[in-house]
Amino acid sequence: NNQIVKGSPFVVHCVSVAAHSGACTVLGLFDAKKQQQQQQHQRGGGGGRVFDPSSAVASAVAGKKKHFTVRACDRHGHIKAAGGDHFVVDVVGEGEAAVNITDSGDGSYPCWFTTPSAGQYAVHVYLVVPVPQTIQQQQQHNHHQEHHRVEIDGSPFRVGVKPGSSSSSRDCLVTGPGLAGCRCGATATFHLQAKDGFGNFKTVGGDTFALELKLPASFGGTGGGGAGVGKRVGQGTGQGTLQHTGGEVQ
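Residue numbers for the sequence shown follow the numbering used here, so the first one is 74 and each next one is one higher.
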């Protein structure tokens with residue numbers, strides 16, 4: 074007779090189930106536009122897949138932490154509101170990298186990695202899931218549950234690590250004929266390649282170098298010459314050509 078049941082309506086709380094590797098996402102590795110496309114893809118906007126993480130290249134700096142966040146989602150794309158999932162991050166590239174991942178307890182997993190070596194890296198993100206068991210294995214109470222790693226959708230993510238911003242005078246590389254000698258009144262050149270504090274060749278200019286020429290104490294000259302005129306020709310690429318004109322020696 075269509076009478077309302079006592080206690081109706083009943084409140085039902087829907088919660089996300091286990092995380093699914095095909096729905097989990099990574100935030101913080103791309104620029105704002107790419108990030109917006111990724112969020113639209115996560116919500117199902119745009120009528121299909123609108124973002125391919127493998128096509129984007131993120132950037133990092135040698136010696137500095139690159140922060141990003143893994144977001145756990147269920148197979149329906151719903152963001153999980155609780156932690157407990159097991160993710161593994163591997164960074165593979167030009168050198169070794171230190172990696173850290175933390176469970177925030179709300180479905181997000183803040184991560185960072187750092188490496189002293191510039192170059193191209195691949196950030197692999199895995200979800201650790203239990204291996205399906207047979208009925209016989211499920212009935213064995215002492216059976217050990219095995220797990221395996223499943224790479225999430227879009228992984229590996231490409232990251233280009235740039236040299237550090239500051240140069241190290243200790244590691245700079247100087248080469249060229251001007252280091253061997255110079256005739257009085259003639260111009261000699263040599264080449265300086267700037268490096269960061271980790272020994273990576275710098276690819277942008279902006280550093281200031283001073284050239285000073287001194288006559289060694291063991292030189293047998295009697296005059297006060299030996300001073301030189303130096304000139305730096307920068308190339309804006311972390312490299313520069315240094316020219317000097319030798320002074321008179323009596």
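Built from N, CA and C at the ideal position, the CB exists for glycine as well. Treat the numbers as computed from the prediction; the structure is a model and nothing was measured.
Practice task
Could you check the C-alpha separation between F186 and L284 for me, to the nearest Å?
Solution key: One C-alpha to the other measures close to 38 Å.
Problem - Element boundaries [beta strand (DSSP E), containing S181] - result: Per DSSP, S181 belongs to the beta strand (DSSP E) from S181 to T187.
Exercise for the section: Return the chain-ordered list of same chain residues with a C-beta closer than 6 Å to the C-beta of D226, the five sequence neighbours on each side being excluded. Expected result: Only G95 meet the Cβ criterion.
Exercise for the section: Quick one: residues in its chain with C-beta nearer than 6 Å to the C-beta of I102, no 5 flanking neighbours on either side, listed in chain order? Expected result: Looking at the sequence shown, residue 102 is not Ile but Leu. Result list for L102: A131, F141 and F230, in chain order.
Problem - CB-CB length for V223 against V196, believed under 8 Å - result: Going by Cβ atoms, the distance from V223 to V196 rounds to 16 Å, so no, they are not a contact pair.
Practice task
Reducing DSSP to helix, strand and coil, say where L265 ends up.
Solution key: Note: L265 maps to strand in three-state DSSP.
Handout entry: T260 versus L286 - alpha carbon distance
Key = If I take the Cα positions, the gap works out to 13 Å.
Exercise for the section: Quickly, what does DSSP pair E224 with across the bridge? List them, please. Expected result: BP columns for E224 point to Y199.
Practice task
Express the C-alpha separation of F282 and R256 in angstroms, rounding to a whole number.
Solution key: Looking at the backbone, the Cα of R256 and that of F282 are separated by about 23 Å.
Problem - Candidates T175, T248 and G237: closest to A135 by CA position - result: With distances taken between Cα atoms, A135 lies closest to G237.
Exercise for the section: Whole angstroms is fine: what's the gap from F263's alpha carbon to A171's? Expected result: Near 38 Å, if we compare the C-alpha coordinates of A171 and F263.
Handout entry: R148 Cβ short of 6 Å to the ligand ATP heavy atom set
Key = This structure lacks the ligand ATP, and indeed carries no ligand of any kind.
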